[in-house]
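Only one structure is covered here, and it is reproduced in the block below.
Residue numbers (the working numbering): 1 to 299.
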């Protein structure tokens, strides 16, 4: 299936990529994880982003991962991340994912040689013209050190280059501007757990969240409260998962998240280089968070 901006709403889980003991992709575990998300009520799946360790996999592995997710999703949208630095590599990945059955792709802002705002707009316009698949803009300046300005996002939307964006930034004034300029033209999805409910209340149509890999239900409940205008209730509920969120982002995602999942009874293997397993100090924080989550039956 393909997506339109009107259909892009709710929780899209940024899933980890399960690995076997020898570091190979665990296809069975991956498909079980996809089905777990959809049974919980997730609107769709976002594999192979930062949480899915895109840079750590070969082209063939990425294609296999996306195809396995599409098969397990059984018609629900799969939106793989495209984190390549260059246009041709990003286009190659997008075409691979289209052939594997993806509903859209989530393509990061060009970052090693980012160019101007006009260059970024032209990049996405050419990318969409060359790719027979809807495109979401992935904005995460703490990783890329570059952002598309609110008026650039508006221009991309008016060009027809993007149907939505994952907004991963703590810049609230910029988020408000982006919603004001483009919120009626594309689906803006939050990529920040601590700001998720607030983003929804201010106009985001959903979220792409990594911690939903293990706890999708609570994020769906938070989403429903926030979009009904019950922000205080949504934030109160979010308090329950805040210790988990704090612990899994102490080090680079998804190393701590994968270890947390093992502690919570959902083992998914380790990470690939250059990532390593969490430090002893981080593991202590993860154990405390997992114990607290178990004590309140977080699900």
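The beta-carbon is built from N, C-alpha and C at its ideal position, and this holds for glycine as well.
Under the DSSP assignment, residue 139 falls in the beta strand (DSSP E) whose first and last residues are 135-139. A contact is defined here as three or more CB-CB pairs under 8 angstroms, and the segment 41-60 meets this definition with respect to the segment 4-24. Between residue 87 and the set 114, 77, 227, the nearest pair of CA atoms involves 114. Secondary structure of residue 188 (DSSP, three-state): strand. For the set 266, 294, 200, the Cα lying nearest the Cα of residue 37 is the one of 266.
Taking every protein chain shown into account, the CB of residue 227 has 16 or more other CB atoms within 10 angstroms, so this residue is buried. Just so you know, the alpha carbons of residue 173 and residue 180 end up roughly 11 angstroms apart. Beta-bridge annotation (DSSP): residue 13 is paired with 45, 209. Between the segment 1-10 and the segment 203-215 there are three or more inter-stretch CB-CB distances shorter than 8 angstroms, so the stretches are counted as touching. Residue 263 has its alpha-carbon roughly 7 angstroms from the corresponding atom of residue 287. Residue environment analysis places residue 285 among the buried positions, since at least 16 neighbouring C-beta atoms fall within 10 angstroms of its C-beta.
In the DSSP assignment, residue 19 is bridged to 25. Taking the Cα of residue 163 as reference, the smallest distance to any Cα among 146, 176, 182 is reached at 182.
Look at residue 167 here: in three-state DSSP terms it is strand.
The Cβ-Cβ distance between residue 70 and residue 82 does not fall below 8 angstroms.
The Cβ atoms of residue 289 and residue 243 sit closer than 8 angstroms to each other. Within the same chain, 181 come within 7 angstroms of residue 151 by CB-CB distance, once the 5 residues on both sides are set aside. Here residue 172 carries a helix assignment [DSSP, helix/strand/coil]. In terms of Cβ geometry, residue 201 and residue 231 form a close pair [threshold 8 angstroms]. Looking from the CA of residue 34, the closest CA among 274, 177, 214, 272 belongs to 214. The C-alpha of residue 157 is placed about 37 angstroms away from the C-alpha of residue 261. Residue 218 sits close to residue 237, with the two beta carbons spaced by under 8 angstroms. In this structure, residue 13 lies away from residue 256, with their beta-carbon atoms at least 8 angstroms apart. By the 16-neighbour rule on beta-carbons within 10 angstroms, residue 63 is buried. Residue burial is scored here from C-beta neighbours: residue 28 has fewer than 16 other C-beta atoms within 10 angstroms and is therefore classed as exposed.
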